[in-house]
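S.K.:
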Amino acid sequence: MNIVVCVKQVPDTETRVKLNSDQTWLDESGITFILNPYDEFAVEEALKLKEANDGEVTVICLGPERAQSAIRSALAMGADKAVHIADENLRMSIDTAKALAEVVKPLNPDVVLLGKQSIDTDNAHMASMLGELLDLPSVSSVTKLEISGNSGTAGREIEGGQEVIGFSLPAVISCHKGLNEPRYASLKGIMMSKKKSVESAEAVEAENKVKIKKLEYPPSRPPGKIVGEGPEAAAELAKLLREEAKAI
Amino acid sequence: MSQNVLFFIEFREGEIRNVSYEAATVGNKLKSEFSGTLTGVVIGSEIPELSAGFGKYGVDKIVKVDNAVFGNYSTEGYAEAFKQVVSNENPGVVVFSATAMGRDLAPRAAAKLNVDLLADCTEFSVEDGVITAKRPILAGKTIMTVQSEYTPQIITIRPKIFKSGFAEEEKSPEVESFDFSTDSVSIRARVKEILRAGGKKLDLTEADIIVSGGRGMKNPENFTLLEEFAEAIGGVVGASRAAVDADWRPHSDQVGQTGKVVSPGLYIACGISGAIQHLAGMSSSKCVVAINKDSEAPIFKIADYGIVGDLFAVVPVLKEELLKILQK
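Chains A and B, in that order, give the protein sequences. In short: position in the first sequence from 1, add 12, done, that's the working numbering. In short: position in the second sequence from 1, add 3, done, that's the working numbering.
#1: Do you know how far the Cα of Lys128(A) is from the Cα of Asp134(A)?
#2: Please classify Tyr153(B): does DSSP put it in a helix, a strand, or coil?
#3: Using CA atoms only, rank isn't needed, just tell me which of Ser35(B), Gly61(B), Phe232(B) and Glu173(B) is closest to Gly216(B).
#4: Using the C-alpha atoms, what's the distance from His254(B) back to Val318(B)?
#5: Give a yes or no on whether the minimum CB-CB distance between His96(A) and chain B is below 9 Å.
#6: To the nearest angstrom, report how far apart Ser128(B) and Glu209(B) are at their CA atoms.
#7: Jot down the residue ranges of each uninterrupted beta strand (DSSP E) in the stretch 111–159 of chain B, minimum 3 residues, whole runs only, in chain order.
#8: Using a Cβ cut-off of 9 Å, which residues of the stretch 137–151 of chain B contact any Cβ in chain C, in chain order?
#9: Within 10 Å of its beta-carbon, does Ala54(A) have 16 or more other beta-carbons around it, so buried, or fewer, so exposed?
#10: Name the chain B residues whose beta carbon is nearer than 9 Å to that of Gly178(A)?
#11: Are the C-beta atoms of Thr185(B) and some chain A residue less than 9 Å apart?
#12: Output the distance between the C-alpha atoms of Ile50(B) and Ala242(B), rounded to the nearest integer angstrom.
#13: If we cut at 9 Å on Cβ distances, does Phe169(B) have a partner in chain A?
#14: Reducing DSSP to helix, strand and coil, say where Tyr60(B) ends up.
#15: How far does the alpha helix (DSSP H) with Leu148(A) in it reach, from first residue to last?
#16: For Leu205(B), name the three-state secondary structure that DSSP assigns.
#17: Taking Leu329(B) as part of the alpha helix (DSSP H), name the residues at either end of that continuous run.
#18: Could you tell me which whole alpha helix (DSSP H) segments of length 4 or greater appear in the stretch 26–106 of chain A?
#19: Which first and last residues belong to the alpha helix (DSSP H) in which Val22(B) is found?
#20: Does the Cβ-Cβ distance between Val16(A) and Ala58(A) come in under 9 Å?
#21: Going along chain B in order, which residues have a C-beta closer than 9 Å to the C-beta of Ser140(A)?
#22: What span of residues does the beta strand (DSSP E) with Ser100(B) cover, start to end?
#23: Show which residues of chain B have a CB atom less than 9 Å away from the CB atom of Val151(A).
#24: Assuming Ser255(B) is part of the alpha helix (DSSP H), what are its boundary residues?
#25: Quick check for students: name the residue ranges of the beta strand (DSSP E) that lie wholly in the stretch 162–194 of chain B, counting only runs of 3 or more.
#26: So what's Ser163(A) in DSSP terms, helix, strand or just coil?
#27: Pick from Pro110(B), Tyr76(B) and Ser38(B): whose alpha carbon is nearest that of Gly132(B)?
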């Protein structure tokens with residue numbers, strides 16, 4: 013089985029955001045970069061499929077030079093090889109999808125897996141966009157997945173329930189928390205990852221028609237108040253919620 | 004040059020979902036900025052009469068794509084239908100609500116139209132025919148201001164941020180049936196069924212009041228306390244990642260960076276410390292209350308009101324006090 017996983021390198025979730033001088037992006041100095049947490053679910057699912065189906069997992073990553081460490085993380089988990097699509101510039105969704113599609117298409121995968129969204133841009137566009145560009149069915153944000161033969165069933169959360177989706181392969185699937193428990197890379201895995209092949213590929217030109225005008229910190233909430241201690245404060249809080257906050 | 008506005012009407016299991024009226028309201032604001040008309044697009048099977056409802060929101064026209072093939076949602080099917088309607092209507096602007104369906108459908112439709120989109124927007128303004136939208140990124144730690152140079156400009160709006168409201172001028176929208184040929188699309192992934200645990204429950208993303216529990220709840224059984232509290236005040240129970248990772252609550256209850264983003268009128272955090280990743284999910288809440296026995300808990304920094312104390316002692320009393328007020 014030919015499995016492709018698309019991953020992205022992102023700032024760590026604990027990162028204290030500091031904006032660059034013209035407020036067009038982050039000041040990257042001091043940021044710890046990691047493999048996008050949602051992509052870990054995708055890599056894990058790819059590895060499970062590989063183990064069940066005698067398959068091969070290829071990791072595709074669009075990003076700057078430093079993104080190689082995210083690729084190595086995926087290889088250390090057990091992916092077989094990788095392709096790094098080099099681009100030092102930040103890309104918006106459709107440009108990212110086009111760059112990925114260009115590289116994924118000739119690989120003729122049976123399954124393409126991704127994390128449901130990257131935790132920096134938080135768009136959650138890739139599964140749908142990549143599916144469209146590859147002319148494959150797409151299922152986004154799955155928390156359950158079963159693949160057997162040429163078809164599969166996925167579960168995805170919707171408001172107040174879960175959709176059960178039937179699909180045929182090949183397909184593009186993005187993974188949400190709850191799908192699986194990503195394995196930690198073993199020491200052996202880390203050592204072996206250094207020997208696995210990481211090819212370079214060129215990024216198809218970006219149109220850059222979504223423009224970032226600026227980044228800013230969110231407005232801070234006005235300071236709140238501690239109403240009191242213990243259950244004695246409950247009556248006062250209830251009154252404030254009704255009269256002052258009008259929240260109830 | 005005037006441009007028309009199109010918005011998506013979300014129809015599922017025989018019902019028009021309320022977010023559709025939020026999208027209509029935003030569409031109506033954009034329609035006046037763009038000096039155009041406002042058209043709603045609904046896709047489904049056996050779609051009921053809906054023009055009267057939408058007329059109040061300033062909708063001029065409704066395009067209905069009614070076909071048995073759309074009985075259950077499919078990304079490819081709905082995206083192809085939507086794309087065909089867009090190609091026919093030629094709007095300058097398209098609005099979706101960033102719901103589970105919207106966030107799956109809008110990017111596929113955008114890719115079909117060879118454009119990009121601005122997702123999960125919480126604010127927007129228009130100048131010279133260009134929408135400038137703000138959207139949270141990095142789990143809400145930063146707000147990004149973006150513009151799309153594509154036509155149409157497609158935006159998805161975060162649910163419950165833009166309150167739905169009637170237009171100044173009520174319209175009588177004509178309903179146009181769009182003739183969709185099922186040959187035009189190959190549907191290879193489709194919804195087979197929708198599972199709902201224990202009847203229809205209001206989703207966290209739709210709730211006006213949320214009572215949330217964290218590590219301080221100590222065990223899953225204690226969540227009954229919050230369930231009773233929530234029920235008493237008309238709310239829904241959420242959970243922090245700690246409670247979900249401990250298997251005390253299902254993942255669908257999780258509020259936070261790797262869970263749901265919620266925007267209720269009232270968020271009551273019980274035994275939740277307030278990690279950055281949790282705040283990412285609830286900082287859009289209008290009013291935040293924190294109950295925690297640790298006075299240093301970071302949640303108190305963003306809460307509007309706090310009680311330092313044992314939640315097991317505080318919550319029952321708070322429930323009674325709120326019930327007294329609600330019953331007045």
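Idealized CB from N, CA, C, for every residue including glycine.
M.R.: Reading from the atomic positions:
#1: 9 Å
#2: coil
#3: Phe232(B)
#4: Whole-angstrom Cα-Cα distance: 24 Å.
#5: no
#6: 25 Å
#7: 120–124, 126–130, 133–140 and 145–151
#8: Although the question refers to chain C, the structure presented lacks it and instead comprises the protein chains A and B.
#9: buried
#10: Ala192, Arg193, Val194 and Lys195
#11: no
#12: In a straight line, the C-alpha of Ile50(B) is about 36 Å away from that of Ala242(B).
#13: no
#14: coil
#15: Segment: none, Leu148(A) is in no alpha helix (DSSP H) and carries neither H nor E.
#16: coil
#17: Leu314 to Gln330
#18: Note on the stretch 26–106 of chain A: whole alpha helix (DSSP H) runs with a minimum of 4 residues are 49–65 and 80–89, in chain order.
#19: Val22 to Glu36
#20: yes
#21: Chain-order list of chain B residues neighbouring Ser140(A): Thr78, Ala82, Arg106, Asp107, Leu108, Ala109, Pro110, Arg111, Ala112, Ala113 and Ala114, by C-beta distance under 9 Å.
#22: First-last of the beta strand (DSSP E) with Ser100(B): Val96 to Ser100.
#23: By Cβ distance, chain B contributes Thr78, Asp107 and Ala192.
#24: Unbroken run through Ser255(B): none, as it is neither H nor E.
#25: If we require 3 residues or more, the beta strand (DSSP E) runs fully inside the stretch 162–194 of chain B come out as 177–180.
#26: strand
#27: Ser38(B)
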